[in-house]
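**Q**
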Amino acid sequence: MLAVAETWDNGKAVRETMAADIPLAIDHFRYFAGAIRAQEGSLGEIDDNTVAYHFHEPLGVVGQIIPWNFPILMAVWKL
């Protein structure tokens, strides 16, 4: 269903979308779903007066420019 919609939108062959775009997008979602488990903030004491910390904050509103040839895959990369 998604491959057919991509074909109508992009003009790419359904075979190419099913063989490349969709499987690669699924692989990226699976990879980053596993990688998020390893993301955590950290706190390290450098010396008596200095502490370094690492944390994640939302970026806010962002934009993306997606090329015409692999729009689903590029959108997944930007997510």
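Going left to right, the sequence shown walks through residues 1 to 79 as full-length UniProt numbering numbers them. Ideal Cβ placement from N, Cα and C applies to all residues, glycine included.
Looking only at its own chain, which residues have a Cβ that is under 7 Å from the Cβ of residue 55, when we skip the five neighbours before and after it?
**A** The answer, listed in chain order, is 41.
**Q** If you measure between the beta carbons of residue 21 and residue 70, is that distance less than 8 Å?
**A** In contact: residue 21 and residue 70 (Cβ atoms closer than 8 Å).
**Q** In chain order, what residues of the same chain have a beta carbon less than 8 Å from the beta carbon of residue 37, not counting five sequence neighbours either side?
**A** Once the five neighbours on either side are set aside, residue 37 has no close Cβ partner at all.
**Q** Beta strand (DSSP E) containing residue 47: first to last residue?
**A** Its beta strand (DSSP E) spans residues 42-47.
**Q** For residue 52, which residues of its own chain have a beta-carbon under 6 Å away from its beta-carbon, when the five flanking residues on both sides are left out?
**A** Hits under 6 Å: 44 and 46.
**Q** From 5, 62 and 58, pick the residue whose C-alpha is nearest to that of residue 18; which is it?
**A** Nearest of 5, 62 and 58 to residue 18, Cα basis: 5.
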